[in-house]
Structures are given as structure tokens and as C-alpha cells.
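Inspection log for the structure reproduced underneath, given as C-alpha cells.
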């Protein structure tokens, strides 16, 4: 199987929902080109009208909910909403294995002058869900990727706050079905298709490792009746104002946000996925399944904005994307896996089970070929290979 790569960026044809046109350019690049056609002043006016519609008239409730992780984007969301005169309730669905810098950036959001709620799901159940997610769908942080979308919505229903301010529509920035790229609303359908479930439904968990229905309350989306009663609406802020990661991090840093200070393992930059030690494993499994990782995503965004050439980006991507994650940030793989009662040897076996052998080199017996550091080799790293 030959991997096709976009002729403008670093993304491969193995990426789900990524499409190429007759010129060999992916839909993520084409989506970005179309941003010059957007009347951003008009969209900003639309946003202002929406915010005015949902402001608490008598000041007895919050104006909106902002789901926050402490990352650059959620910090930026809070800054923008405060600038626009909103009184938000910030809601964090606690990450799986919080880092020190992640805690620092969460505390920094509180210092911006907002009310804040942090919901930590049952840690015993969470470890079970981490194991199930890793073994069944190859996502160790499955419970995080679901709860970041369900917990804020449950809070919206329980507190009677209809408006939720999400960040970017990832299907626009990273490439997705044409019907979803211009979507400005995050609803149940978006969650089920793009929100990280990977085919593992919440109800499927009941009965596994002793998990009961009450254990999955935080991971369960409210009913349609509950949503309708409150009138919950979730909008993508990135639909209404130009959305750009580097811009967001610069503004966030000017308000106290901290980046890692050196390039994160498997990344092009130092400012993303800093809050969860398991993030490196999640990113590595994307590489095993689809032959690209976070470095490809970040480099491609920089290419589209004219900061780096595709040639230079591809060299860096080849070097960093597929590195086996023996460490992530300042923690070893063994220490990251220990709370989940998974050994490194068992983890490597799980990695091999989820590796797409069609896109990596194998020996004559079909066994994956690895170097001394456990790294794989793709069958081709660019179109001309």
C-alpha cells in the first residue's frame, strides 16, 4: 500500500476523512484557503448578537459555559469572552494524568477573573476505562476524550446555562467531511462522529471490569429532553473569529500561560498537549494506525500559513512523528502505565496489535521491523519515495 501525501502539506491519505482533489491537495489545505473569502466582520457581528441573546438579563446566572483544559486554546477562549463582556462559568473535566504544568495553567485561568468548576471522575473507574480504551480501540485517554464533551454539557443542563463556547471545529482545521467543515455548532451528532468515541459506545462499558451504569454518568450525554428544556446550544468560537494556534498561544502567554520551553516528544512545537502525561501514548497510537502524528498536524498548519516550507517540514516530520514514547514530558513510560497496571512489555504487544502493517515495513514472516529504540519504518515518507 502506497501512502499518498498532500502536495501542499504533510498530511497522508491514511488520515480518516481526509480527501484529495485532482491537484493532489487535501481538503484541510483547501479549507484554509477559503478563509480569505470569509467576511469575518460579519461573523463577528453574528457572534455579538448570539452573546447578547444569551446574556443573563438580571445577572442571576452565568452568561455561558466555557469548557477549559488549561491549554492555550481554552485560555484564549476565556480571554476573548471576557473581552466581549461575558460572565462565563469555566468547566474542567479533569484530565487522566495531570501534569504539573497542566495544573499551573488551570490555576492561571482562575486568575483571569472567572468562576470555575473542576469535575474529577471516579479515579478507580477512570483507570478501568483507560485500560478498556487502550485495549479495545487503541486510545488510552478514551474517557478524557469523551468527558471533555459530556461533562460541560451536563453542567449546562444542571445549572440552566444554555450557551456553551467551544474552540475550533477540528474538521475544518485538520480535514473532515464537507458537510461538517463549516459547522458552527457542536451537538450530539458531532460528538458521536468526531468527539473521540472511536466506535466504543458508553453503554458498551457496563459490565466490563465491574463497571455499572452509575459509574458512567459523567461520560453520558444528556437526553434530548434535558437539552431541549434548557435550550443548550454549543458554538465553535473558531467559526466566528479567525482561529490560529500560534496566535492563541501568544495571547495566552501574555496572560500568564506557560508552554513547555522545549519541543514536546513527537511534536513540532512546545505548547500543545501539556496537561496529560498519557497524551504521548494517544498520539503514538494515531501514528501506528494512520502513519502520522502530532508533528504532521502542527507542521501542516505552519506550512499553510507560510512559516515553513513543505520540504523542511517533511524532514522534521520524518524525524519526530514516529518516535516510540519511552518518555513524555518529564515522566517515563513505565511510570505513566503503572497506575493502569499495564507493563511496558504488555503495552508494546498492544501497540503491535493496533499497528497498520500495510503502511510499515515487515519481514518475510509479516513481523514488524523495529530499530534498537523500538521505532518503526513507514513504507514511504513522501510521494516521491
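Numbering (the working numbering), first residue to last: 8 to 392.
Yeah, the Cβ is synthetic: ideal placement off N, Cα and C, and Gly gets one too.
CA-to-CA distance, residue j to residue i, given in whole angstroms
i, j, result
"residue 54", "residue 247", "6 Å"
"residue 102", "residue 282", "7 Å"
"residue 96", "residue 76", "13 Å"
"residue 67", "residue 168", "11 Å"
"residue 27", "residue 34", "6 Å"
"residue 325", "residue 126", "39 Å"
"residue 113", "residue 41", "34 Å"
"residue 31", "residue 218", "47 Å"
"residue 331", "residue 231", "42 Å"
"residue 334", "residue 286", "11 Å"
"residue 45", "residue 38", "11 Å"
"residue 320", "residue 307", "8 Å"
"residue 148", "residue 100", "13 Å"
"residue 213", "residue 220", "6 Å"
"residue 376", "residue 294", "15 Å"
"residue 381", "residue 136", "26 Å"
Three-state secondary structure (DSSP) of residue i
i, result
"residue 361", "helix"
"residue 173", "strand"
"residue 385", "strand"
"residue 302", "helix"
"residue 19", "strand"
"residue 168", "coil"
"residue 11", "coil"
"residue 228", "coil"
"residue 123", "strand"
"residue 264", "coil"
"residue 344", "helix"
"residue 242", "strand"
"residue 234", "helix"
"residue 207", "coil"
"residue 26", "coil"
"residue 315", "coil"
"residue 150", "helix"
"residue 323", "helix"
Buried versus exposed call for residue i [16 or more other C-beta atoms within 10 Å across all chains shown]
i, result
"residue 47", "exposed"
"residue 104", "buried"
"residue 383", "buried"
"residue 8", "exposed"
"residue 296", "buried"
"residue 348", "exposed"
"residue 405", "In the structure displayed, the chain extends from 8 to 392; residue 405 sits before or after that span and is not available."
"residue 81", "buried"
"residue 327", "buried"
"residue 160", "buried"
"residue 255", "buried"
"residue 238", "exposed"
"residue 19", "buried"
"residue 301", "buried"
"residue 314", "exposed"
"residue 133", "buried"
"residue 138", "buried"
"residue 249", "exposed"
"residue 92", "exposed"
"residue 157", "buried"
"residue 203", "Note that residue 203 has pLDDT 46, beneath the 50 cutoff, so the model's placement of it is unreliable and the number below is only indicative. When all chains shown are included, residue 203 counts as buried."
"residue 303", "buried"
"residue 280", "buried"
Residues that DSSP places opposite residue i in a beta bridge
i, result
"residue 83", "Residue 83 pairs with nothing; no bridge assigned."
"residue 339", "334"
"residue 416", "The structure shown does not extend to residue 416, since the chain spans only 8 to 392, so no value can be given for it."
"residue 367", "385"
"residue 95", "71"
"residue 156", "Paired residue(s): none; residue 156 is not in a bridge."
"residue 36", "Answer by DSSP bridge pairing: none, since residue 36 is not bridged."
"residue 375", "369"
"residue 100", "126"
Contact test: residue i Cβ vs the ligand SAH heavy atom, cutoff 8 Å
i, result
"residue 105", "No copy of the ligand SAH appears in this structure; indeed no ligand is present at all."
Anticipated Cβ contact below 8 Å, residue i with residue j, distance rounded
i, j, result
"residue 242", "residue 83", "Between residue 83 and residue 242 the Cβ distance is about 15 Å, and since that is not below 8 Å, they are no contact."
"residue 79", "residue 252", "7 Å"
"residue 98", "residue 116", "Contact flag wrong, Cβ pair sits at about 11 Å."
"residue 174", "residue 244", "6 Å"
"residue 153", "residue 226", "5 Å"
"residue 12", "residue 389", "6 Å"
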